[in-house]
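In the numbering used here, the protein residues as written are 22 to 277.
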């Protein structure tokens, strides 16, 4: 007769730990930025409790990205920029910091452009009072930080195009620095086209100096930054999954 011990099933193999998700924020002197980003990361953790989520800043705030990566040692990590377009930080700063660390890193794409950002932008506009104005007299200025990199401008213009298609009104991208047009110039252009109800969509991940300055130039309503909108947490995880799916290791497993 077999013993009772022989009837006990063997323990299930332990699943490997998920790679860390390191959200890479720019950093800001405005204390609201850090608290907003921290709350956003809590949303990400709630959606995927199996994924270790960490924060690293490019500058201005602790923890800085090199310190976050140093604490991870030689583990696997996916770096997801909390940035809305390509530019110097995405192309130079983050890859250089990753290369200098011991961690096995995968670099994800920036958040934009993507339809989930349009979901968040539309929601913020609705919260600010958008929706009751006839389309023939309304328009939107999409206010962004700005960059000298032409790819960043291309990405922002793509988001403006997606938002225009969603709202059914003209949307002009404008910039707080390093690129043109400015918010004032974009507003004048829309007024010249007979658009008298001009809303400002805040294409910023969190409150800060640029977001505040742009909002002060809005001729009508100004939406809040994207912040902790649920679509932002979903998009961070989408970029995380996307980076893992296209990593060399994943390609090797798929072809095996």
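For every residue, glycine included, the Cβ atom is placed at its ideal position computed from N, Cα and C.
Range covered by the beta strand (DSSP E) that runs through residue i
i: residue 193; result: 192-196
i: residue 116; result: No beta strand (DSSP E) holds residue 116; the alpha helix (DSSP H) holding it covers 115-120.
i: residue 96; result: Here residue 96 belongs to no beta strand (DSSP E), and DSSP marks it neither H nor E.
i: residue 223; result: 218-223
Residue i - DSSP class collapsed to helix/strand/coil
i: residue 89; result: helix
i: residue 56; result: helix
i: residue 240; result: coil
i: residue 126; result: strand
i: residue 159; result: strand
i: residue 23; result: Confidence is the limiting factor: at residue 23 the pLDDT is only 49, short of 50, which leaves the residue's position unreliable, though a coordinate-based value still follows. Residue 23 falls in the coil class under three-state DSSP.
i: residue 47; result: coil
i: residue 165; result: strand
i: residue 110; result: helix
i: residue 73; result: coil
i: residue 102; result: strand
i: residue 250; result: coil
i: residue 273; result: At residue 273 the pLDDT is 45, less than 50, meaning the model places this residue with poor confidence; the figure from the coordinates comes in the next sentence. Residue 273 falls in the helix class under three-state DSSP.
i: residue 212; result: helix
i: residue 258; result: helix
i: residue 81; result: coil
i: residue 245; result: coil
i: residue 61; result: helix
i: residue 132; result: coil
i: residue 41; result: strand
i: residue 267; result: coil
9 Å Cβ cutoff met for residue i and residue j
i: residue 253; j: residue 107; result: no
i: residue 111; j: residue 183; result: no
i: residue 220; j: residue 197; result: no
i: residue 215; j: residue 180; result: no
i: residue 121; j: residue 98; result: no
i: residue 260; j: residue 130; result: yes
i: residue 17; j: residue 44; result: Residue 17 lies beyond the range of the chain shown here (22 to 277); nothing can be said about it.
i: residue 127; j: residue 223; result: no
i: residue 61; j: residue 104; result: no
i: residue 264; j: residue 101; result: yes
i: residue 229; j: residue 41; result: no
i: residue 163; j: residue 192; result: yes
i: residue 46; j: residue 77; result: yes
i: residue 166; j: residue 250; result: no
Nearest-angstrom beta carbon gap, residue j and residue i [assumed within contact, 8 Å]
i: residue 195; j: residue 204; result: 4 Å
i: residue 168; j: residue 149; result: Residue 168 to residue 149, Cβ: 25 Å. No contact.
i: residue 258; j: residue 225; result: Residue 258 to residue 225, Cβ: 21 Å. No contact.
i: residue 256; j: residue 137; result: 4 Å
i: residue 57; j: residue 245; result: The pair is not a contact, with the Cβ atoms about 10 Å apart (cut-off 8 Å).
Start-to-end residues for the alpha helix (DSSP H) that takes in residue i
i: residue 174; result: 171-188
i: residue 139; result: 136-149
Residues near residue i by beta carbon distance below 6 Å, same chain, minus five either side
i: residue 66; result: 74
i: residue 217; result: 158
i: residue 156; result: 189, 190
8 Å CB neighbourhood of residue i in its chain, flanking five on each side removed
i: residue 275; result: With a pLDDT of only 40 at residue 275, under the threshold of 50, the placement of this residue in the model should not be trusted; the figure read from the coordinates follows. Cβ within range, chain order: n/a, list empty.
i: residue 176; result: 105, 106, 107, 131, 133, 134
Cβ neighbours of residue i in the same chain (closer than 7 Å, five flanking residues each side left out)
i: residue 277; result: In this prediction, residue 277 scores a pLDDT of 42, lower than 50, which makes its location untrustworthy; the coordinate-derived value is nonetheless stated afterwards. So the list is empty, once near-sequence residues are dropped.
i: residue 170; result: 107, 108, 109
i: residue 240; result: 208, 219
i: residue 185; result: 191, 192
i: residue 95; result: 123, 124, 125
i: residue 236; result: 221, 223, 243
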